[in-house]
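Going by this note's numbering, the first residue of the sequence shown is number 1, and it counts up by one from there. Where a beta carbon is used, it is the ideal one built from N, C-alpha and C, also for glycine. Take a look at the structure set out below.
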Amino acid sequence: STYATWWIRQAITRAIADQSRTIRMPVHMVDAMGKLRNLSREFLQENGREPSVEELAECSGMPLDDVCCIERMAHRLVSLDQPLGESEENA
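Spelled out as structure tokens, the structure:
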């Protein structure tokens, strides 16, 4: 039963990763994003500041180029129809 629980949890997690974004991202990239997010959170707690990209690369053991690419992909897409300001004049 615990073995089945693991497989069910993995299937749900993968389905969320596959369907939660407008543009699908490979699961290994979603996993890497989660790893970097956790490392960033730990670094913030220990040092009282956000880590630089270089520090994240060093902590994760990933190449700097990969960390930069993953950081860019982590930003959510924004609709071109979304208003920019508070008032409708700026929309």
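Cβ-Cβ distance between residue i and residue j below 7 Å
i     : j     : result
Val30 : Ala11 : no
Val27 : Arg14 : yes
Ile70 : Met25 : no
Run of the alpha helix (DSSP H) containing residue i, from where it starts to where it stops
i     : result
Glu54 : Val53 to Ser60
Asp66 : Leu64 to Ala74
Ser40 : Val27 to Asn47
Residues of its chain near residue i, where Cβ-Cβ distance is below 6 Å and the 5 sequence neighbours each way are ignored
i     : result
Met62 : none
For residue j and residue i, the rounded distance between their alpha carbons
i     : j     : result
Leu56 : Pro83 : 34 Å
Leu44 : Pro51 : 7 Å
Gln19 : Arg9  : 16 Å
Ser60 : Leu36 : 7 Å
Val67 : Thr22 : 22 Å
Leu64 : Leu80 : 31 Å
Met73 : Glu46 : 26 Å
Pro7  : Val78 : The residue asked about is misnamed: residue 7 is Trp in this sequence, not Pro. Their backbone Cα atoms lie some 33 Å apart in a straight line.
His75 : Thr2  : 35 Å
Gly48 : Glu54 : 17 Å
Spatial neighbours of residue i in its chain, beta-carbon cut-off 7 Å, leaving aside the 5 residues before and after
i     : result
Ala4  : none
Leu39 : Leu56, Cys59 and Ser60
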